[in-house]
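**Student:**
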Amino acid sequence: METVLNDRKQLRRLFTIACNSFDKAENQLSCVDKINKLKLIEEKALLMMACEEKFKQLLYSENISDTEIEREVDESETYIDRWRSLKQKLESFVIEQLSSKK
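Counted the way UniProt numbering counts, the sequence shown spans residues 1 to 102.
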């Protein structure tokens, strides 16, 4: 479980750094650059979510209180929700890029 915890911590950290970097630079980026940065964030998000799922399965298999499980799941959802929000942006930028090529 310790290995998964360490992996999760690092994946969350890298995801957060990438998201914060995008948020900071978004207004100065072209549509193509926004798409490229969000695609990189997507890769980090997919790795992070796979690790979150693995961690969740370990939580359920251990003797851990419901309160602790709920706290961990809620915390996990904040990261996943951040990705969902950015994924919507990515989709809208892709649509914008495609429509500008017509």
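From the three backbone atoms N, C-alpha and C, an ideal C-beta is built for every residue, glycine too.
In three-state terms, what does DSSP make of Glu68?
**Tutor:** For this step, residue 68 is matched to residue 68 along the sequence shown. Helix.
**Student:** Which of the three DSSP states, helix, strand or coil, is assigned to Leu29?
**Tutor:** Here residue 29 is taken as the residue at index 29 of the sequence shown, counted from 1. Leu29: coil per DSSP, three-state reduction.
**Student:** Could you work out which residue in Met1, Glu2, Ser30, Asp7 is closest to Leu90 when comparing CA atoms only?
**Tutor:** Taking the first residue of the sequence shown as 1, we reach residue 90 at position 90. Taking only the C-alpha atoms, the option nearest Leu90 is Ser30.
**Student:** Measuring straight from C-alpha to C-alpha, what distance separates Lys37 and Gln88?
**Tutor:** Working through the sequence shown from its first residue, we reach residue 37 at position 37. Working through the sequence shown from its first residue, we reach residue 88 at position 88. If you take the alpha carbons of Lys37 and Gln88, they lie about 14 Å apart.
**Student:** Would you please state the rounded distance, in angstroms, between the beta carbons of Ser76 and Glu43? I believe it to be under 8 Å.
**Tutor:** Along the sequence shown, one-based indexing puts residue 76 at 76. Along the sequence shown, one-based indexing puts residue 43 at 43. Contact flag wrong, Cβ pair sits at about 18 Å.
**Student:** Can you tell me which of Asp7, Thr3, Val32 puts its alpha carbon nearest to the alpha carbon of Ser99?
**Tutor:** Counting from one through the sequence shown, the residue named residue 99 turns up at place 99. The option with the nearest alpha carbon to Ser99 is Val32.
**Student:** Is Leu40 near Met1, with beta carbons less than 7 Å apart?
**Tutor:** Translated into the one-based positions of the sequence shown, residue 40 becomes position 40. Translated into the one-based positions of the sequence shown, residue 1 becomes position 1. Leu40 is not a Cβ neighbour of Met1, given a cutoff of 7 Å.
**Student:** Lys54 and Val4 - do their beta-carbons sit closer together than 7 Å?
**Tutor:** If you number the sequence shown from 1, residue 4 lands on position 4. If you number the sequence shown from 1, residue 54 lands on position 54. Val4 places its beta carbon less than 7 Å from that of Lys54.
**Student:** What did DSSP end up calling Lys24 once you bin it into helix, strand or coil?
**Tutor:** The residue given as residue 24 occupies position 24 in the sequence shown. Helix, per DSSP.
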